[in-house]
């Protein structure tokens, strides 16, 4: 069971990206990226999580979104995204500050489609175009994360730091973008209770966004909480629930922020199932989870699903 926990905890070290919020409908933090056993120390050595992510979200025609660049806003937005992430991660064997340290990098290839009923010059401006759409296939920014994890019996604690290099596919005049167009940094901590049969995990953090120089737009500070609760029905299979809370705590700024502070929020909950299976002498892991979103404000609302395969690579 300890070995299973170590394999499952790889997934918590993987940074993800591109959610509907903030300027252009894209935020740095992807709610739900932390899951089961998030703070449990992992097996030393290399690992390779592969994650397929699908999201579908929309906003009503009376809910404007800063989308399209250079002070323009869009209304009646419907967006769909498919992303495939790969995140090689190395976990050190020697402790750092009494904790287990790990570092990882991640990037994705993506297909992103956006439709809008109308694109306008501002919240009360004239309509520039109606029934517009855009799609894009490209690569994401490059993301990196470092974690420290401490174990004390059934109690586990974690601290993390995450940032990006804004090198992904981005054009300020497009409706659909995979890259952010600006740098950001996220830091936080988490806790996991794990007694071999039951686990509960919660990870909270804050995101700071630097200004997008192409649009003179700076997203506010975002707060987020991801949680998981599951039960191992066998030594190899666990079932449970997942959820997240996302809340923007300071307003957007800059000449491009034509909708004012535009603080956003969303909540979500859904099911999860995970299973371990042997490949040679190693245990691989697959997980399926989904989130239904509700109570959204200034943010597209919908659902998203994750399919994960965690591959051990050894020392």
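Numbering (my numbering), first residue to last: 46 to 360. Just so you know, even glycine gets a beta-carbon here, dropped at the ideal spot from N, CA and C.
{"Item": "Kindly indicate the opening and closing residues of the beta strand (DSSP E) around residue 155.", "Value": "145-165"}
{"Item": "Does DSSP put residue 255 in a helix, a strand or coil?", "Value": "coil"}
{"Item": "What distance in whole Å lies between the Cβ atoms of residue 287 and residue 325, which are believed to be in contact at a cut-off of 8 Å?", "Value": "That pair is no contact at about 30 Å."}
{"Item": "Taking 9 Å as the cut-off, decide whether the C-beta atoms of residue 179 and residue 213 are in contact.", "Value": "no"}
{"Item": "Below 8 Å, how does it come out for the segment 297-304 and the segment 99-118: are there three or more Cβ pairs, yes or no?", "Value": "yes"}
{"Item": "Whose CA, out of 105, 135, 134, 129, lies closest to the CA of residue 123?", "Value": "105"}
{"Item": "To the nearest angstrom, how far is it from the Cα of residue 301 to the Cα of residue 260?", "Value": "6 Å"}
{"Item": "Does residue 334 pass the burial test, meaning 16 or more other C-beta atoms within 10 Å, or should it be called exposed?", "Value": "buried"}
{"Item": "Out of curiosity, what's the CA-to-CA distance linking residue 211 and residue 152?", "Value": "11 Å"}
{"Item": "Does DSSP put residue 117 in a helix, in a strand, or in coil?", "Value": "coil"}
{"Item": "To which residues of the same chain is residue 136 closer than 6 Å at the C-beta, ignoring the five residues directly before and after it?", "Value": "87, 89, 147"}
{"Item": "Sort 320, 143, 354, 117 by Cα distance to residue 194 and report the nearest one.", "Value": "143"}
{"Item": "If you drop the 5 nearest sequence neighbours on each side, which residues of the same chain put their C-beta closer than 6 Å to that of residue 98?", "Value": "128, 351"}
{"Item": "Please report the residue range of the beta strand (DSSP E) in which residue 241 lies.", "Value": "Looking at the DSSP string, residue 241 is not in any beta strand (DSSP E), and its letter there is neither H nor E."}
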